[in-house]
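Residue numbering for the sequence shown follows the working numbering, beginning at 183 and increasing consecutively. Even glycine gets a Cβ: it sits at the ideal position worked out from N, Cα and C. All values reported here derive from a predicted model rather than from experimental measurement. Inspection log for the structure reproduced underneath, given as structure tokens.
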Amino acid sequence: MKTIDVSITSIEKYVIKYLITDNSDLHILQNKQVEAYIKYDNCESFDFDLTIVPKSILYIPISLYLLPITYFYNVDVIVPEMDKVLYGRLNDMYEKYSKIYGPFSEEWRGKFTINKIEENTNMMSSAYENIVFFSGGADACSAGLNNPGKETVLVSIPSIESLAKEEGELRMEKFSLIREFSKLVDSSWIVISNNFNRDVFNDNMIQTRLSEDLKLNSSAFKFDGWFGIKYLANMCSVAPFAYSQGVKKLVMGSAFEQEEDNKSVNYDGANPELSDSISFAGTKFSEQDEIYTRRTKKVANIISKCNAMNKKTKIWTCFSDSSIQCGQCAKCVRTQLNILCANANPKDWGFENFSDKAFTKYIKKFSYWEKNACWLWDIIDSINDNTKYVCCNELLHWLKKIGYKEYLKKASFKKKFGVWKKLLKIYKYPHYVRSVLKKFRK
Ligand SMILES: [Zn+2]
């Protein structure tokens, strides 16, 4: 039997370590044995101690993270203990992931071998009601503002993002973002880090198998693939903390967006049907925050709520490793446009390098490109013909006139042309080009 075995090797107050052993000869893990850890920061003010949390709860994060591999390979994951509620959810999780990313093969229907299934009905305390996942982005700020106060703990897990680095300016900024935002909403906060994405799976090989051998081609798979399939599982690193604080609801801001009348165009690893399928002990995901509120409206709500309190907050969407947002990546541009549509100045909401002139030039050159048209549709549809905007007024009315389909067409052309231009730079090496051409003629 091909297996992947998990065990806990050490438990400290705020750190848990696992050892994962690949006995399958399929090279699913980066090495035959991999050490994984989860670390909880800023927990001193909580009555929190991992050494007294039941083992079946401590096994939740790593079990969930390993689970999807059993959909794609004929392997068993062997876990010493599992929470009974989670165990009861496994079938439904398979169905939902298969529906959105698959269909997956029936024969590998998520196999676990579990030595002991434990019922964890009594939470350790009932200190807090909600956990709100907080990345600093528009969806997270909205969820935080909708669930404010002492009942809530804001939780940031920077390592769930695909481009996350464990050190550097961005990671430091993530700490300062959650600290500042917690003051705004009067909630507590913690930061969780793990090495799951970095050290556990042989991700490139698995992604290739899924696309080339198993031929998954759903829109969700094309969008975020094997990475997206593990996304929510990775967020469940919060499980031991949630259990220890008696948290019943996990709140995440919805990243769902519509395009015209179609309300389900951006299927990905944060899809509401997926979060609805996951629960453990006494904790489950609540309905995603503002599930059908469009992004521009959400940003406008954040701004008006903050204005009402006479406060400001940064809306942080950038992945570049800096304490200043780059302003030019798709997420930065999208968010600045959302802010402009809310008739505000991006400089006041986390984009300190924003300049009306430079931004206008950038957009008019069709340099803003989105993989999914829904975001641009929302922005342009939100522009009101009769409004005079405080920033980029001329640009917004120009965008409205062009329309989202035409803009994206031109931006896509520019993007493709950019690739060709790079290739054509070979003209710098005429001798090389000539000899290649000669070969082709032969
Ligand atoms: Zn950026």
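Considering only their Cβ atoms, is the gap separating phenylalanine 294 from valine 261 smaller than 8 angstroms?
yes
Quick check on glutamate 534: buried or exposed, where buried means 16 or more other Cβ atoms within 10 Å of its Cβ?
exposed
By Cβ distance, which residues of its chain are closer than 7 angstroms to arginine 353, with the 5 residues on each side in sequence left out?
Pro340, Lys347
Quick check: the Cα distance between lysine 195 and cysteine 418, rounded to an integer number of angstroms?
18 angstroms
Taking its Cβ as the centre, do 16 or more other Cβ atoms sit within 10 Å of phenylalanine 536, making it buried, or is it exposed?
buried
If distances are taken between C-alpha atoms only, which option among Pro236, Glu217, Asn224 comes closest to lysine 298?
Comparing Cα positions, the closest option is Pro236.
Inspect the beta-carbon positions of glycine 451 and tyrosine 425 and report whether they are closer than 8 angstroms.
Contact annotation: glycine 451 and tyrosine 425 have beta-carbon atoms that are not nearer than 8 angstroms.
Can you find a heavy atom of ligand 1 that lies under 7 angstroms from the Cβ of serine 502?
True, at least one ligand heavy atom lies under 7 angstroms from that Cβ.
Would you kindly work out how many angstroms separate the C-alpha atoms of lysine 278 and tyrosine 589, rounded to a whole number?
35 angstroms
Can you tell me whether methionine 183 is buried or exposed? The criterion is at least 16 other CB atoms within 10 Å of its CB, across all chains shown.
exposed
Go ahead and label glutamine 215 buried or exposed: buried means 16 or more other beta carbons lie within 10 angstroms of its beta carbon, across all protein chains shown.
exposed
Beta-carbon separation of asparagine 256 and tryptophan 290 under 8 angstroms?
Pairing asparagine 256 with tryptophan 290 gives a Cβ-Cβ distance under 8 angstroms.
From glutamate 226 to asparagine 377, what does the alpha carbon distance come to, in whole angstroms?
22 angstroms
Is valine 515 near tyrosine 550, with beta carbons less than 8 angstroms apart?
yes
Does the Cβ of lysine 404 lie closer than 7 angstroms to at least one heavy atom of ligand 1?
no
Is it the case that the Cβ atoms of phenylalanine 541 and glutamine 518 are separated by a distance below 8 angstroms?
A contact, by the Cβ cut-off of 8 angstroms.
Just the Cα atoms here: how many angstroms apart are leucine 392 and serine 401?
14 angstroms
What is the DSSP secondary structure of isoleucine 584, reduced to helix, strand or coil?
Helix, per DSSP.
Going by DSSP in three states, serine 227 sits in which element: helix, strand or coil?
coil
Taking 7 angstroms as the cut-off, does the CB of lysine 529 come closer than this to any heavy atom belonging to ligand 1?
no
Indicate whether tyrosine 247 and glycine 292 have their beta-carbon atoms separated by less than 8 angstroms.
Not closer than 8 angstroms, so no.
Apart from the five residues on each side of it in sequence, which residues of its chain come closer than 8 angstroms, Cβ to Cβ, to serine 245?
Val188, Val259, Val261, Met264, Leu268, Phe294
Could you name the residues that DSSP lists as bridge partners for lysine 199?
Ser192, Tyr219
Does the beta-carbon of proline 250 have 16 or more other beta-carbons within 10 angstroms, so that it is buried, or is it exposed?
buried
Might you give, ordered along the chain, the residues of its own chain that have their beta carbon closer than 8 angstroms to the beta carbon of alanine 331, omitting 5 neighbours on each side?
Checking the sequence shown, residue 331 turns out to be glycine, not alanine. Val367, Asp368, Ser369, listed in sequence order.
Short check: CB of phenylalanine 316 to CB of threonine 495, under 8 angstroms?
no
With H, G and I counted as helix, E and B as strand and the rest as coil, what does DSSP make of aspartate 563?
helix
Kindly indicate the opening and closing residues of the alpha helix (DSSP H) around valine 515.
512-523
Would you decide whether glycine 600 is buried or exposed? Buried here means 16 or more other CB atoms lie within 10 Å of its CB.
exposed
Taking C-beta to C-beta, are glycine 319 and threonine 478 nearer than 8 angstroms?
no
Between the alpha carbons of glutamate 349 and glycine 509, how many angstroms are there, rounded?
21 angstroms
Rounded to the nearest angstrom, what separates glutamate 343 and phenylalanine 548 at their Cα positions?
27 angstroms
Can you check which of these residues, Asn312, Lys493, Tyr283, is closest to leucine 632 by C-alpha distance?
The structure shown has nothing for residue 632, since the chain only spans 183 to 624.
For tyrosine 219, collect the residues of the same chain with a Cβ closer than 8 angstroms to its Cβ; drop the 5 residues on either side in sequence, then sort them by chain order.
Hits under 8 angstroms: Val197, Ile198, Lys199, Tyr200, Asn376, Asn377.
Starting from the C-beta of isoleucine 388, find all residues in its chain whose C-beta is less than 8 angstroms away, skip the five residues before and the five after it, and write them out in chain order.
Closer than 8 angstroms at the Cβ level, and outside the excluded window around isoleucine 388, lie Ile210, Ile251, Phe254, Trp408.
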